[in-house]
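> Sending over a structure as structure tokens; questions will come in a sec.
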Amino acid sequence: MSVLVTGAAGFIGFHASQALLEAGEDVIGLDNLNDYYDPALKHARLDCLRASSGFRFVEADLADHAAIEALAADRPSRILHLGAQAGVRYSIENPHAYAQSNLVGHLNILELARSLGDGLDHLVYASSSSVYGEAAKVPFSEVDANDTPESLYAATKRSNEFMSASYARLYGIPATGLRFFTVYGPWGRPDMAYWLFADAMLEGRPIKVFNNGDMERDFTYISDIVEPMGRVLADNPQRGRHEVYNIGGASPVRLMDMIAQLEEALGVTAEKQMLPMQAGDVTRTYADVRKLQAAYGYQPSVQLDEGLNAFAEWFRGWRAR
Ligand SMILES: NC(=O)c1ccc[n+]([C@@H]2O[C@H](COP(=O)([O-])OP(=O)(O)OC[C@H]3O[C@@H](n4cnc5c(N)ncnc54)[C@H](O)[C@@H]3O)[C@@H](O)[C@H]2O)c1
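Counting the sequence shown from 1 gives a position; the working numbering is that position plus 182.
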């Protein structure tokens, strides 16, 4: 029995694979190692995973139907589908990458799940807080209408939820979508604000503060994602059940406060370049996590200062390698 983790060389996929391996699972990790950000980071994550005998890596593109179909031969009993073209702003620059990885890729994973039939106990996939768009009401709840995505990225993530709902219904696939809220931590993502800020601060470059800093994010430390996600994945929902849950820190922080905490963690004062809002972005995110709490006892526990300290310590080591 094995778990297929897509996007295993990515930030969340790496941590999730590590946790599964530590729990004694066999993991088939899939990734295409694309260069959206420095592939050296993806290779370094993979090197860590390869130290476990239970890990096997498959280099393939999610959009390659034949390659994904071939994974049925391994008969994974669970699929954790985290591979995707992430990032809101890049979806304006390179929309086709999102259509291929997130739409065609998601369909190929659903087709794989369909072909595994009763042998598949659970498909868990990554959605995003971005599906809420510029929502008027906070905190964001799963029951709120969310049909006004601000970016193509958000539209692909919302589409993944619809595609999964239809496949669950048609083919009895037990499926769960998790709407992640700004996940951060060691081995993180170089395109995200906390990383870009830290990098600029350590190099003495100004940081770009969009919307003049008037933004709020519900930051979620990586362990507050990985541990509960493991519990969700281990669950055996009824065949055909499809659910979507918010998974977030449930404690939004103002961007300027986050910058102050990062300055503290790095011991550097940032030079701030105040800029207008960027296309595709939203001013705030805030997760209502009561649904996940009720179903899986979710309780995020890592405060932003603690999480940024852990990131800063890892980041200094990464830069010095
Ligand atoms: N990190 C966050 O704050 C956040 C927030 C909301 C949603 N998400 C979602 O969570 C998932 C994981 O995100 P992450 O932060 O680890 O991003 P990431 O970019 O670090 O990881 C994604 C991985 O998927 C791989 N990938 C992309 N396209 C592929 C393709 N066509 N074929 C095979 N592999 C492909 C990439 O190479 C990468 O290693 C994604 O679905 C993302 O959209 C993340």
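The beta carbon of each residue, even a glycine, is placed where N, CA and C say it ideally should be.
Every value quoted in this text rests on a predicted model; they were computed, and no experiment measured them.
#1: Can you tell me which of Pro434, Glu241, Asp487, Arg387 puts its alpha carbon nearest to the alpha carbon of Val453?
#2: Verify the contact flag: Ala245, CB atom, against every heavy atom of ligand 1, threshold strictly below 7 Å.
#3: Give the C-beta separation of Ala190 and Gly211 to the nearest angstrom, bearing in mind that I take them to be a contact with Cβ-Cβ under 8 Å.
#4: By Cβ distance below 6 Å, which residues in the same chain neighbour Val408 in space, the five residues on each side in sequence not counted?
#5: Suppose the cutoff is 6 Å on Cβ atoms and the five residues either side in sequence are ignored; what does the same chain contact list for Phe497 look like?
#6: Taking just the CA atoms, how far does Trp500 sit from Leu203?
#7: Check each candidate in Ser346, Leu352, Leu448, Gly367 and name the one with the smallest Cα separation from Leu360.
#8: Between Val507 and ligand 1, is the CB less than 7 Å from at least one heavy atom?
#9: Return the CA-CA distance between Leu415 and Met438, expressed in angstroms with no decimal places.
#10: Hey, quick one: how far does the alpha helix (DSSP H) through Phe493 stretch, first residue to last?
#11: Would Asp417 pass as a contact of His263 if the rule is Cβ separation under 8 Å?
#12: By alpha-carbon positions, which one of Leu228, Asn342, Gly489 ends up nearest to Arg238?
#13: Is Ile194 near ligand 1 - that is, is its Cβ less than 7 Å away from at least one heavy atom of it?
#14: For Pro295, I'd like the list of residues in its chain whose CB is within less than 8 Å of its CB, leaving aside the five on either flank, ordered along the chain.
#15: Is Thr188 near ligand 1, with its Cβ less than 7 Å from a heavy atom?
#16: Only counting runs of 3 or more residues, tell me where the beta strand (DSSP E) segments fall wholly within the stretch 380-443, in order along the chain.
#17: For the putative contact between Lys473 and Glu324, defined by C-beta atoms under 8 Å, what is the C-beta separation to the nearest angstrom?
#18: Whole angstroms are fine: how far does the CA of Ala502 sit from the CA of Phe193?
#19: Quick check on Leu305: does DSSP put it in helix, strand or coil?
#20: Are there any heavy atoms of ligand 1 lying less than 7 Å away from the beta-carbon of Phe362, as far as the coordinates show?
#21: DSSP has Glu241 in a bridge; who is on the other side?
#22: Out of Asn393, Ala494, Ala461, which one is the CA nearest neighbour of Val450?
#23: Evaluate Glu343 with the Cβ neighbour count: other Cβ atoms within 10 Å of its Cβ, from every protein chain shown; 16 or more gives buried, anything less gives exposed.
#24: Note the first and the last residue of the continuous beta strand (DSSP E) segment covering Gly265.
Concretely, from the data shown:
#1: Val is not the amino acid found at residue 453; the sequence shown has Glu there. For Glu453, the nearest C-alpha among the options comes from Arg387.
#2: Checking the Cβ of Ala245 against ligand 1 gives yes.
#3: About 3 Å separates the two Cβ atoms, so the contact holds.
#4: So the list reads His197, Ala198, Ala201, once near-sequence residues are dropped.
#5: If we look at Phe497 and ignore the five residues flanking it on each side, its Cβ neighbours are Ala380.
#6: Computed Cα separation, rounded: 23 Å.
#7: Of the candidates Ser346, Leu352, Leu448, Gly367, the one whose C-alpha sits nearest the C-alpha of Leu360 is Ser346.
#8: Since the displayed the chain opens at 183 and closes at 503, residue 507 lies outside it and no answer follows.
#9: Cα to Cα, Leu415 sits roughly 35 Å from Met438.
#10: Here the alpha helix (DSSP H) through Phe493 covers 486-501.
#11: No; because the gap between Cβ atoms is not below 8 Å, this pair is not in contact.
#12: Cα-wise, what sits closest to Arg238 is Leu228.
#13: Under cutoff, so the answer is yes.
#14: The sequence as given places Ala at residue 295; Pro does not occur at that position. Ile261, Leu302, Leu305, Tyr349, Tyr353, Ile355, Ala357, listed in sequence order.
#15: Closer than 7 Å to some heavy atom of ligand 1: that describes the Cβ of Thr188.
#16: Within the stretch 380-443, the complete beta strand (DSSP E) segments at least 3 residues long are 389-391, 424-429, listed from N- to C-terminus.
#17: So it is a contact: roughly 5 Å between Cβ atoms.
#18: Straight across, the Cα-Cα distance linking Phe193 with Ala502 is about 19 Å.
#19: Leu305 carries a strand assignment under DSSP once its states are collapsed to helix, strand and coil.
#20: Indeed, a heavy atom of ligand 1 lies less than 7 Å from the Cβ.
#21: Residue pairing by DSSP puts Glu241 in a beta bridge opposite Asp213.
#22: Val450 has its Cα closest to that of Ala494, out of Asn393, Ala494, Ala461.
#23: Flag for Glu343 reads buried.
#24: Gly265 -> no beta strand (DSSP E), and no H or E assigned at all.
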